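These notes concern the structure reproduced below.
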DNA sequence: ATAATAGTGTCTCTCAGACACTATACC
DNA sequence: GGTATAGTGTCTGAGAGACACTATTAT
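Chains as they are written, first to last, in this note's numbering: chain A, 25 to 273; chain B, 25 to 273.
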């Protein structure tokens, strides 16, 4: 028996069903920034458990699908979105996080420009799918649970451990903002430096110095002026910039 | 039927077995720093697949065990270690990463002072369990695969996607080093600033400025002098410091 | 003209790197 | 005393915050 045959025989005899297996779900925190805050797409649960509560969109992982592919599938199915910045966030695996059965949830986060979401949310009746403003009760990158608010500023009931998942997403983008060009994912192709600063301020939850922000962004070569200016803004119109391809850096 | 009863009935009727489920494994990259390099604990695989190749220690997740608990269990079982700094790293889920069956691997990394590992590795015959120096072919936080070397500097064959898992661990600790006190996890209770700098240099893979490193560490209040000095070093003995409890900051 | 924001120039403060200099143990 | 490293003092340059000042458009 050659080593290759031996390995083939081993694999053929391997019984994958001897250990009880958890289910694996992929949940995607779709984030955007508008009105000075961070907003997340949430779906109202139609079924038990946690029926009527609001949940981060997700799906069980298919048996021949990569984790990244599952995240893309969730974004396409729940929000009709493709080509979105998406990154793995953290994996949640407390034994009792889902009362049905053991579910290990691989969480992702995705960033999208708000105008691409307006269509998504208005297409539904905004009853079972909505954008909710996040309320972050901790400063900086402390971490912890994060709530979601309805239009009147009341806390929405969140399903499972999704307050923790939202908290991890906020912590992550706050941490990445300083060294990764993620602000651009939340803006249209052309934007003023003021727009970009507002995005950063919303994510960080604090005001930034106007002048040093401008200099930092320009000095790092992250943006390129387009030569166009915004119009009809009621004051001196700002130069519009676009994200500089990182290959230029 | 009250809402509570209805939920109970739903959960009782829920059949968790209708979807095929992947296996979930927890792999732990146990890292230490010595001789100017980063070293990882690797186990030689006794069985197919990848028999004879070197793998990051791991185990299948038990059905009632949290992910963190599984990581601790792996450290206790494979290295006899408890109370080690451990943190979730990334989840690897390519459909073909294990030829036996679909396995989603939740990777952790752990940091330990090298003297605590000498016992572990010498207890075995160093045939099926060893520390291997990592060879990192990329600068900074670029990311990518990382190899492991034997005592003669030859590449060890790694199992599965474990070169990628090692790479993610190195990328993570390089990124965390600047803002998190992880260097102390790799040193005994009392250490000189020179020792600490060598740990940082080994992790980052580049030399650091002696003077500014000293000032940065002291000015941030991360360390407290013990009043003791190292002895028998052949030159002026350095002050020994200990890690300052972060509550003091 | 006025309001409002865009955008520039300059000063200061902090921090990292560089480097010179002194200190101290072991040989 | 020589050697090797510990530890301090000082200069310089880069970058952030603060602030004053000019520029430009809508009303």
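Virtual Cβ for every residue (Gly too), placed ideally from N, Cα, C. Predicted model only: the values in this text are computed from it and were never measured.
**Request:** Report the rounded CA-to-CA distance for residue 162(B) versus residue 168(B), giving the unit in angstroms.
**Result:** 7 Å
**Message:** By alpha-carbon positions, which one of 100(A), 96(A), 122(A), 126(A) ends up nearest to residue 112(A)?
**Reply:** 96(A)
**Message:** Counting C-beta neighbours from all protein chains within 10 Å, is the total for residue 115(B) 16 or more, i.e. buried, or is it exposed?
**Reply:** buried
**Prompt:** Which full runs of the alpha helix (DSSP H) of 4+ residues lie inside the stretch 79-146 of chain B, going along the chain?
**Reply:** 91-103
**Item:** Simplified DSSP assignment, three categories, for residue 182(B)
**Value:** strand
**Request:** With DSSP as the reference, please indicate the residues paired to residue 196(B) in a beta bridge.
**Result:** In DSSP, residue 196(B) forms no bridge with anything.
**Message:** Rounded to whole angstroms, what is the Cα-Cα separation between residue 80(B) and residue 132(B)?
**Reply:** 10 Å
**Residue from 157(B), 232(B), 139(B), 62(B) with nearest C-alpha to residue 105(B)** = 139(B)
**Item:** Interface residues of chain B facing residue 119(A) [CB-CB closer than 7 Å]
**Value:** 88, 89, 90
**Request:** Given a cut-off of 9 Å, decide if residue 225(B) and residue 137(B) are closer than it, judged by their beta-carbon atoms.
**Result:** no
**Prompt:** Secondary structure at residue 155(A), three-state DSSP: helix, strand or coil?
**Reply:** strand
**Message:** Mapping the DSSP letters down to three states, classify residue 242(B) as helix, strand or coil.
**Reply:** helix
**Request:** Taking only beta carbons into account, state which residues of the stretch 99-115 of chain B come closer than 9 Å to chain A, listed in chain order.
**Result:** 112, 114, 115
**Message:** Does residue 191(A) come out as helix, strand or coil in the three-state DSSP assignment?
**Reply:** helix
**Asked** So, is residue 176(A) buried or exposed, given that buried needs 16 or more other C-beta atoms within 10 angstroms?
**Response** exposed
**Request:** Kindly indicate if chain B contains any beta-carbon less than 9 Å away from that of residue 80(A).
**Result:** no
**Prompt:** Where does the unbroken alpha helix (DSSP H) through residue 174(B) begin, and where does it stop?
**Reply:** Careful: residue 174(B) lies outside any alpha helix (DSSP H) and carries neither H nor E.
**Prompt:** Would you report the Cα separation of residue 220(B) and residue 211(B), rounded to the nearest angstrom?
**Reply:** 7 Å
**Asked** Where does the unbroken beta strand (DSSP E) through residue 51(B) begin, and where does it stop?
**Response** 47-58
**Request:** Please list the partners that residue 130(B) has in chain A, where partner means a Cβ-to-Cβ separation under 9 Å.
**Result:** 115, 117, 128, 130
**Asked** Quick check: the stretch 45-61 of chain B against the stretch 81-101 of chain B, are there 3 or more CB pairs under 8 Å?
**Response** yes
**Prompt:** Is residue 165(B) helix, strand or coil when you go by DSSP?
**Reply:** coil
**Message:** Which residue wins for smallest C-alpha separation from residue 143(B), given the options 102(B), 201(B), 266(B), 71(B)?
**Reply:** 102(B)
**Request:** Please work out which residues of its chain come closer than 6 Å, Cβ to Cβ, to residue 130(A), disregarding the five sequence neighbours upstream and downstream, and give them in chain order.
**Result:** 50, 91, 115
**Request:** Classify residue 265(B) as buried or exposed, calling it buried when 16 or more other Cβ atoms lie within 10 Å of its own Cβ.
**Result:** buried
**Request:** Ignore the nearest five residues each way along the sequence and tell me which others in residue 253(A)'s own chain have a CB closer than 7 Å to its CB.
**Result:** 261, 262, 263, 264
**Asked** Within the 9 Å Cβ cut-off, does residue 84(A) reach chain B?
**Response** yes
**Item:** Exposure label - residue 236(B); buried when at least 16 CB within 10 Å
**Value:** exposed
**Request:** Please classify residue 245(B): is it buried, with 16 or more other beta-carbons within 10 angstroms of its beta-carbon, or exposed?
**Result:** exposed
**Request:** Locate the alpha helix (DSSP H) running through residue 160(A), then write down its first and last residues.
**Result:** Looking at the DSSP string, residue 160(A) is not in any alpha helix (DSSP H), and its letter there is neither H nor E.
**Prompt:** Considering only the beta carbon of each residue, do residue 46(A) and residue 125(A) sit closer than 9 Å?
**Reply:** yes
**Request:** Rounded to whole angstroms, what's the CA-CA distance from residue 157(A) to residue 63(A)? Just pull it up for me.
**Result:** 4 Å
**Request:** Since I believe residue 145(B) is in contact with residue 135(B) (beta carbons under 8 Å), could you give me their beta-carbon distance rounded to a whole number of angstroms?
**Result:** Not really, about 16 Å apart at Cβ, beyond 8 Å.
**Request:** Alpha carbon to alpha carbon, how far is residue 141(A) from residue 99(A)? Give it in angstroms, no decimals.
**Result:** 11 Å
**Asked** In this structure, does DSSP put residue 215(A) in helix, strand or coil?
**Response** strand
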